[in-house]
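Read top to bottom, the protein sequences are chains A and B. Position 233 of the first sequence, counted from 1, bears residue number 233 in UniProt numbering, the numbering being contiguous throughout. Position 56 of the second sequence, counted from 1, bears residue number 56 in UniProt numbering, the numbering being contiguous throughout. Built from N, CA and C at the ideal position, the CB exists for glycine as well. What follows is a set of notes on a single structure, which appears directly below.
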Amino acid sequence: MAEDPYKVLGVARDATPEAIKKAYRKLARQNHPDLNPGKPEAEARFKAASAAHDLLSDPERRARFDRGEIDAEGQERPPPRPAGGWRRHAEAPEGGRYDPFAESGFEAGDFGDLFADILARQRAAETAPRPGRDVAYRLSVPFLSAVLGATEQLVLPDGRQLSVKIPPGVVSGQSLRLRGQGAPGRNGGPAGNAVIELEVEDHPLFRRDGFDLHLDLPVTLKEAVLGGPVTVPAPAGPLRVTLPAGSDTGRQVRLRGKGVAAEGSRPAGDLLLTLRVVLGPPDPALEAFVRDWTPQKPFDPREAMDDTP
Amino acid sequence: MMTLEVLCARFEGLDPEDLRGWIGAGLLRADAEGETLVFQEIDVERVRLILELRETLALEEEALALVLSLLDQIYALRRRLGES
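If you want it as structure tokens, here you go:
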């Protein structure tokens, strides 16, 4: 349960919007996590102040809170404020990108010159008739759609729907371009493009490795020893596969062309099964057999470990 | 890696001209791939920080550059001290 937002900001219940904003700015200045690295209590105070400000700066929600209709956390929670994101990057090794002391690193104004030409050309281009802005969207792609290719629907903020053709083999971070689906052009220029950044979801069974897929396949002791046909889940539907006899846990079986679907001149990837022997519930008959069983070729599976204690 | 359009579209109402201004003023880094400017995840957070300094804390352009420069020095020193 969040604290009383008026207390958090230290203002009276009849404070003016300006007073609330001022109190919030003061707290934000003192406690912003990016300005207070290494002080988690500052981050907590900042989050509390942000939540309190979110609630009290909206006249409608403030009135509802005053009437007791919503609690201090608000009925619909505001989206989490991502403050503090800079600190995580700046304290990690990649923070060297903005290191003013590094020899080959960052010096204010330095790389600005480097791009002066590019920036000038980009600006000059803008006075001419120019195409509309590209508008970026993110689209979450189900794992199997990225493997087999599919058409996914993207719902735009204005309610329009775009059909996005996903070619097989896309990966997270890749973006697709839909011509003319961006912002309208200026000075008679053409409309911009929709740039769609893809995020491929994970799959509970399959794992991608380039264009190959990996699947851990549990097998019974009998299937491992004798081999034989089993049914295996595959992206395009179950497959009937004949396992080789005498398979250990860890044995790989390669199903050619059953991975990521082919596209253009790129051939389809493979589906690699990694067998995992599962004994299942205890079985008295199996126990009796193993107890009386003398292997024809006794061996020590841990032999190779002797050299590496 | 992302292009200027993708970076810009991550923030509502962010004008590409603002981004170019920050790059020109040395507040934001970019890498050049031919004629295209590309950005990394850390640059996204940099933009978020700049926007927060400008909008939430109401910093003017010159104060903002000063604060960023001080922050960069603090974080560089903290990294050297190996603290977290």
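C-alpha gap between A:A42 and A:P33, whole angstroms: Taking the first sequence and counting its residues from 1, the one referred to as residue 42 of chain A is at position 42. Taking the first sequence and counting its residues from 1, the one referred to as residue 33 of chain A is at position 33. In a straight line, the C-alpha of A:A42 is about 6 Å away from that of A:P33.
Among B:V47, B:D43, B:I50 and B:L66, the one whose alpha carbon lies nearest that of A:E94: For the purposes of this step, residue 94 of chain A is taken as the residue at position 94 of the first sequence. Per the Cα distances, B:D43.
Under 7 Å from the C-beta of A:L119: neighbouring residues of chain B: Position 119 of the first sequence, counted from the first residue, corresponds to residue 119 of chain A. Within 7 Å Cβ-Cβ: R20, I23 and G24.
Beta-ladder partner(s) of A:P229, from DSSP: Here residue 229 of chain A refers to the residue found at position 229 of the first sequence. Paired residues: A:T242.
Under 8 Å between C-beta atoms of A:A261 and A:V171: Residue 261 of chain A sits at position 261 when you count from the first residue of the first sequence. Residue 171 of chain A sits at position 171 when you count from the first residue of the first sequence. Result no, Cβ atoms of A:A261 and A:V171 do not sit closer than 8 Å.
Length of the line joining the Cα atoms of A:Q181 and A:A102: Along the first sequence, one-based indexing puts residue 181 of chain A at 181. Along the first sequence, one-based indexing puts residue 102 of chain A at 102. In a straight line, the C-alpha of A:Q181 is about 43 Å away from that of A:A102.
Beta-carbon separation (whole angstroms), A:E197 vs A:S175, contact threshold 8 Å: As a first step, residue 197 of chain A is located in the first sequence; it is residue number 197 there, counting from the start. As a first step, residue 175 of chain A is located in the first sequence; it is residue number 175 there, counting from the start. Confirmed, Cβ separation roughly 5 Å.
Chain A within 8 Å of B:A63, Cβ atoms only: Within the second sequence, residue 63 of chain B is the residue found at index 63, counting from 1. With 8 Å as the cut-off, B:A63 does not count as an interface residue toward chain A.
Simplified DSSP assignment, three categories, for B:M2: Residue 2 of chain B sits at position 2 when you count from the first residue of the second sequence. It is a strand residue.
With 16 other Cβ atoms within 10 Å as the buried cut-off, status of B:I74: Locating residue 74 of chain B in the second sequence gives position 74, where the first residue counts as 1. Counting Cβ neighbours within 10 Å, B:I74 comes out exposed, since fewer than 16 surround it.
Distance between beta carbons of A:T274 and A:L217, contact taken as under 8 Å: For the purposes of this step, residue 217 of chain A is identified with residue 217 of the first sequence, where counting begins at 1. For the purposes of this step, residue 274 of chain A is identified with residue 274 of the first sequence, where counting begins at 1. Indeed, because the Cβ distance is near 7 Å, the residues count as touching under 8 Å.
7 Å Cβ shell around A:D58 - same chain, five flanking residues per side excluded: Walking along the first sequence from the start, residue 58 of chain A turns up at place 58. For A:D58, where only same-chain residues beyond five positions count, there are no Cβ hits under 7 Å.
Proximity below 8 Å, CB of A:G269 to CB of A:L215: Residue numbering aside, residue 269 of chain A sits at position 269 when the first sequence is read from its first letter. Residue numbering aside, residue 215 of chain A sits at position 215 when the first sequence is read from its first letter. Result no, Cβ atoms of A:G269 and A:L215 do not sit closer than 8 Å.
8 Å CB neighbourhood of B:A32 in its chain, flanking five on each side removed: Position 32 of the second sequence, counted from the first residue, corresponds to residue 32 of chain B. Excluding residues within five positions, the ones whose Cβ falls inside 8 Å are V38.
Selected residue, minimal CA-CA separation from A:P235, among A:P204, A:R138, A:F299 and A:T294: Against the first sequence, residue 235 of chain A aligns to sequence position 235. If we check each option's Cα against that of A:P235, A:P204 comes out closest.
Helix, strand or coil at A:S50 according to DSSP, with G and I counted as helix: Reading the first sequence from its first residue, position 50 is the one you call residue 50 of chain A. Helix.
Spatial neighbours of A:P229 in its chain, beta-carbon cut-off 8 Å, leaving aside the 5 residues before and after: Taking the first sequence and counting its residues from 1, one reaches residue 229 of chain A at position 229. Taken in chain order, the residues that qualify are R240, V241, T242 and L243.
Interface partners of B:L57 on chain A, CB under 8 Å: Along the second sequence, read from residue 1 onward, the residue named residue 57 of chain B stands at position 57. Near B:L57 (Cβ distances below 8 Å), the residues of chain A are R25, A28, R29 and H32.
Opening and closing residue of the alpha helix (DSSP H) in which A:P7 lies: As a working note, residue 7 of chain A is residue 7 in the first sequence. Residue 7 of chain A is actually Lys in this sequence, not Pro. From DSSP, the alpha helix (DSSP H) with A:K7 extends over P5 to L9.
Exposed unless 16 or more other CB atoms sit within 10 angstroms - verdict on A:G257: In the first sequence, residue 257 of chain A corresponds to position 257, counting from 1. A:G257 comes out exposed.
Residues that A:A124 contacts on chain B, provided the C-beta gap is smaller than 8 Å: As a first step, residue 124 of chain A must be located in the first sequence, where it is residue number 124. Near A:A124 there are no residues of chain B at all, since even the closest Cβ is about 12 Å away, more than 8 Å.
Distance cut-off 7 Å: A:V253 Cβ against heavy atoms of the ligand ATP: The model depicted lacks the ligand ATP and carries no ligand whatsoever.
Within-8 Å CB hit, B:L66 to chain A: As a position in the second sequence, residue 66 of chain B is number 66, starting the count at 1. So, not an interface residue.
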